[in-house]
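Trainee:
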Ligand code: KG4
Ligand code: ZN
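In our numbering, the protein residues as written are 244 to 593.
(1) Checking 9 Å against the spacing of the C-beta atoms, do residue 391 and residue 264 come in under that value?
(2) Determine the contact status of residue 260 and residue 322, defining contact as a CB-CB distance below 9 Å.
(3) Which residues bound the alpha helix (DSSP H) around residue 531?
(4) Identify the residues that DSSP records as bridge partners of residue 360: which are they?
(5) Give me the Cα-Cα distance between residue 589 and residue 312, rounded to the nearest whole angstrom.
(6) Please classify residue 399: is it buried, with 16 or more other beta-carbons within 10 angstroms of its beta-carbon, or exposed?
(7) Between the alpha carbons of residue 222 and residue 494, how many angstroms are there, rounded?
(8) Among the residues of its own chain, which have a CB less than 6 Å from the CB of residue 573, if the five just before and after it don't count?
(9) Secondary structure at residue 591, three-state DSSP: helix, strand or coil?
(10) State yes or no: is the C-beta of residue 262 nearer than 8 Å to some heavy atom of ligand 2?
(11) For residue 394, which three-state DSSP category applies?
(12) Among the candidates 274, 251, 252 and 253, whose CA atom is the shortest distance from the CA of residue 557?
(13) Of the choices 537, 564, 496 and 550, whose alpha-carbon is the least far from that of residue 520?
(14) For residue 337, which residues of its own chain have a beta-carbon under 7 Å away from its beta-carbon, when the five flanking residues on both sides are left out?
(15) Just the C-alpha distance for residue 426 and residue 351, rounded to the nearest angstrom, thanks.
(16) So, at 7 Å on beta carbons, what are the nonlocal neighbours of residue 252 in its own chain, with the 5 sequence-adjacent residues on each side left out?
(17) Assess contact between the segment 494 to 506 and the segment 522 to 535, defined as three or more Cβ pairs (one per stretch) separated by less than 8 Å. Is contact present?
(18) Is it buried or exposed, residue 443, if we count other Cβ atoms within 10 angstroms and call 16 or more buried?
(19) Say whether the segment 302 to 318 touches the segment 279 to 294, bearing in mind that this needs 3 or more beta-carbon pairs closer than 8 Å, one atom from each stretch.
(20) To the nearest angstrom, how far is it from the Cα of residue 303 to the Cα of residue 269?
(21) Please report the Cβ distance between residue 505 and residue 387, rounded to the nearest whole angstrom; I am assuming they are in contact, meaning their Cβ atoms lie under 8 Å.
(22) Any heavy atom of ligand 2 within a distance shorter than 8 Å of the CB on residue 479?
(23) Assuming contact is defined by CB atoms lying nearer than 9 Å, are residue 525 and residue 485 in contact in what I supplied?
(24) Going by the beta-carbon positions, is the gap between residue 547 and residue 408 smaller than 9 Å?
(25) If we ignore side chains and look at the alpha-carbon of each, how far apart do residue 267 and residue 522 end up?
(26) When you compare each of 435, 452, 543 and 328 to residue 384 by their alpha carbons, which one comes out closest?
(27) Just list the residues that DSSP pairs residue 511 with in beta bridges.
(28) Using a 10 Å radius around the Cβ and a threshold of 16 neighbouring Cβ atoms, would you call residue 308 buried or exposed?
(29) Suppose the cutoff is 7 Å on Cβ atoms and the five residues either side in sequence are ignored; what does the same chain contact list for residue 488 look like?
(30) May I have the straight-line CA-CA distance separating residue 334 from residue 510, to the nearest angstrom?
(31) Taking Cβ to Cβ, would you say residue 463 is nearer than 9 Å to residue 272?
(32) Which residue comes first and which comes last in the alpha helix (DSSP H) that contains residue 567?
(33) Hey, could you find the ends of the beta strand (DSSP E) residue 259 is sitting in?
(34) Helix, strand or coil for residue 400, going by three-state DSSP, please let me know.
(35) For residue 553, report the span of its alpha helix (DSSP H) as first-last.
Written out as structure tokens, the structure is:
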């Protein structure tokens with residue numbers, strides 16, 4: 244069932260604003276028609292100098308980018324302000340100051356236009372983003388959510404119907420990529436840089452631990468990996484080939500655990516569709532490994548288009564449109580942001 248195609252709110256246009264971390268993402272989604280336009284400004288180059296995201300700089304940059312990007316997508320979609328029916332924004336989790344920028348603009352704009360606002364959970368955006376791609380999965384499916392802050396396996400039965408199957412007990416998969424990359428002297432964000440370096444590495448030369456791979460549950464642990472990488476970096480030479488070989492081993496270890504647990508989650512849930520969401524979902528080896536191992540057991544893996552894997556406004560406009568379709572038109576412009584926000588809190592209960 245494609246719930247977004249069966250709504251009373253067909254044709255209505257939702258503006259989405261993402262500003263939870265270091266990317267300003269803006270998009271317009273029209274119910275029944277799809278994504279009209281989207282734009283992204285990434286602050287990666289600015290934070291690169293500091294080796295990670297500097298929250299205060301991130302907030303200030305969102306302030307500079309949001310309005311021009313809103314204007315840009317409206318121009319591209321040929322949509323005027325009075326055609327917008329709701330404004331969705333990332334309410335959390337994320338950096339408090341950064342979230343406040345998107346929340347303030349969303350509420351101010353909605354107040355001026357006398358239309359509702361919808362606060363979206365960033366991870367719900369990631370969870371639903373594969374539905375933006377073609378072919379899209381159908382409910383129910385298992386989602387592997389792998390980002391810089393989260394590593395979770397969820398059963399998704401519909402919009403707002405999420406059951407947590409397993410999650411990381413410490414570092415997220417993206418964090419494991421980022422921290423290992425830092426130890427290898429690579430710049431932020433480490434995931435793509437490490438994957439690039441690994442391409443010239445020789446597989447199987449170094450063996451790193453696969454934490455909790457055989458724990459019998461669907462949880463993960465990645466904090467031990469960075470200690471093992473640190474030891475390996477100290478013991479081995481620091482020439483380019485060695486660094487590439489280590490990068491290769493790191494990627495192998497992370498991908499191996501993720502693929503193993505994702506397959507186990509499908510078996511546990513008795514489902515055969517896996518959806519991969521979040522920034523680490525852009526990793527090519529992870530994609531190959533999952534497609535192969537899930538395909539072998541007759542399952543199918545869905546990935547959002549690469550641009551929707553990492554943070555973006557399209558997933559927020561889309562999740563906003565789906566939530567908007569389900570709810571009454573509330574116009575209440577008092578808002579708060581939730582830097583820490585458990586996804587379970589937004590689960591709809593029957
Ligand atoms: O979802 P995302 O853009 O931001 C949030 O954390 O919400 O994910 C960012 C994470 C970072 O840790 C980044 O290093 C990782 O995704 N990442 C990758 C790749 N592209 C992004 N990790 C491994 N391989 C990649 N190709
Ligand atoms: Zn994200």
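Glycine is no exception: its CB is placed at the ideal position from the N, C-alpha and C atoms.
In this text the structure is predicted, and so the values were computed from the model without any measurement.
Mentor: Reading off the structure:
(1) Start at 1 with the first residue of the chain shown, and residue 391 comes out as number 148. Start at 1 with the first residue of the chain shown, and residue 264 comes out as number 21. Against a cut-off of 9 Å, the Cβ pair of residue 264 and residue 391 comes out as a contact.
(2) Reading the chain shown from its first residue, position 17 is the one you call residue 260. Reading the chain shown from its first residue, position 79 is the one you call residue 322. No, Cβ-Cβ distance for residue 260 and residue 322 is not below 9 Å.
(3) Within the chain shown, numbered from 1, the residue matching residue 531 stands at position 288. Start and end: 527 to 539.
(4) Taking the first residue of the chain shown as position 1, residue 360 is located at position 117. Residue 360 pairs with 330.
(5) Reading the chain shown from its first residue, position 346 is the one you call residue 589. Reading the chain shown from its first residue, position 69 is the one you call residue 312. Near 28 Å, if we compare the C-alpha coordinates of residue 312 and residue 589.
(6) Translated into the one-based positions of the chain shown, residue 399 becomes position 156. That one is buried.
(7) Outside the modelled stretch of the chain, which goes from 244 to 593, sits residue 222, for which no answer is possible.
(8) Here residue 573 is taken as the residue at index 330 of the chain shown, counted from 1. Correct list, in chain order: 359.
(9) Along the chain shown, read from residue 1 onward, the residue named residue 591 stands at position 348. Reduced to three states, the DSSP call for residue 591 is coil.
(10) Within the chain shown, residue 262 is the residue found at index 19, counting from 1. Residue 262 Cβ: outside cutoff for every heavy atom of ligand 2.
(11) Counting from one through the chain shown, the residue named residue 394 turns up at place 151. Three-state DSSP puts residue 394 in a strand.
(12) Taking the chain shown and counting its residues from 1, the one referred to as residue 557 is at position 314. Nearest option by C-alpha distance: 274.
(13) Within the chain shown, numbered from 1, the residue matching residue 520 stands at position 277. Residue 520 has its Cα closest to that of 550, out of 537, 564, 496 and 550.
(14) Against the chain shown, residue 337 aligns to sequence position 94. Answer for residue 337: 263, 264, 365 and 582, listed in chain order.
(15) Translated into the one-based positions of the chain shown, residue 426 becomes position 183. Translated into the one-based positions of the chain shown, residue 351 becomes position 108. Residue 426 and residue 351: Cα-Cα distance of roughly 43 Å.
(16) As a position in the chain shown, residue 252 is number 9, starting the count at 1. 274, 567 and 568, listed in sequence order.
(17) yes
(18) Against the chain shown, residue 443 aligns to sequence position 200. With fewer than 16 other Cβ atoms within 10 Å, it is exposed.
(19) yes
(20) The residue labelled residue 303 in the question sits at position 60 within the chain shown. The residue labelled residue 269 in the question sits at position 26 within the chain shown. About 17 Å.
(21) Numbered from 1 along the chain shown, position 262 holds the residue referred to as residue 505. Numbered from 1 along the chain shown, position 144 holds the residue referred to as residue 387. With a Cβ gap of about 5 Å, residue 505 and residue 387 count as contacting.
(22) Here residue 479 refers to the residue found at position 236 of the chain shown. Because no heavy atom of ligand 2 lies under 8 Å away, the Cβ of residue 479 does not count as near it: no.
(23) Here residue 525 is taken as the residue at index 282 of the chain shown, counted from 1. Here residue 485 is taken as the residue at index 242 of the chain shown, counted from 1. No. Outside cutoff.
(24) Indexing the chain shown from 1 puts residue 547 at position 304. Indexing the chain shown from 1 puts residue 408 at position 165. No, these two residues do not count as a Cβ contact at 9 Å.
(25) Counting from one through the chain shown, the residue named residue 267 turns up at place 24. Counting from one through the chain shown, the residue named residue 522 turns up at place 279. Rounded to whole angstroms, residue 267 to residue 522 spans 15 Å at the Cα level.
(26) As a working mapping, residue 384 is identified with position 141 in the chain shown. Cα-wise, what sits closest to residue 384 is 543.
(27) Locating residue 511 in the chain shown gives position 268, counting from the first residue. Partner(s): none; residue 511 has no beta bridge.
(28) On the chain shown, position 65 is the one that residue 308 refers to. Residue 308 should be labelled buried.
(29) Translated into the one-based positions of the chain shown, residue 488 becomes position 245. Around residue 488: 444, 445, 448 and 449.
(30) Indexing the chain shown from 1 puts residue 334 at position 91. Indexing the chain shown from 1 puts residue 510 at position 267. Rounded to the nearest angstrom, the two C-alpha atoms are 33 Å apart.
(31) The residue given as residue 463 occupies position 220 in the chain shown. The residue given as residue 272 occupies position 29 in the chain shown. The Cβ atoms of residue 463 and residue 272 do not sit closer than 9 Å to each other.
(32) The count along the chain shown starts at 1 and reaches residue 567 at position 324. Residue 567 -> alpha helix (DSSP H) spans 557 to 569.
(33) By one-based count along the chain shown, residue 259 stands at place 16. Segment 256 to 261, the beta strand (DSSP E) holding residue 259.
(34) The residue given as residue 400 occupies position 157 in the chain shown. Note: residue 400 maps to strand in three-state DSSP.
(35) Residue 553 sits at position 310 when you count from the first residue of the chain shown. Run containing residue 553: none; DSSP gives neither H nor E here.
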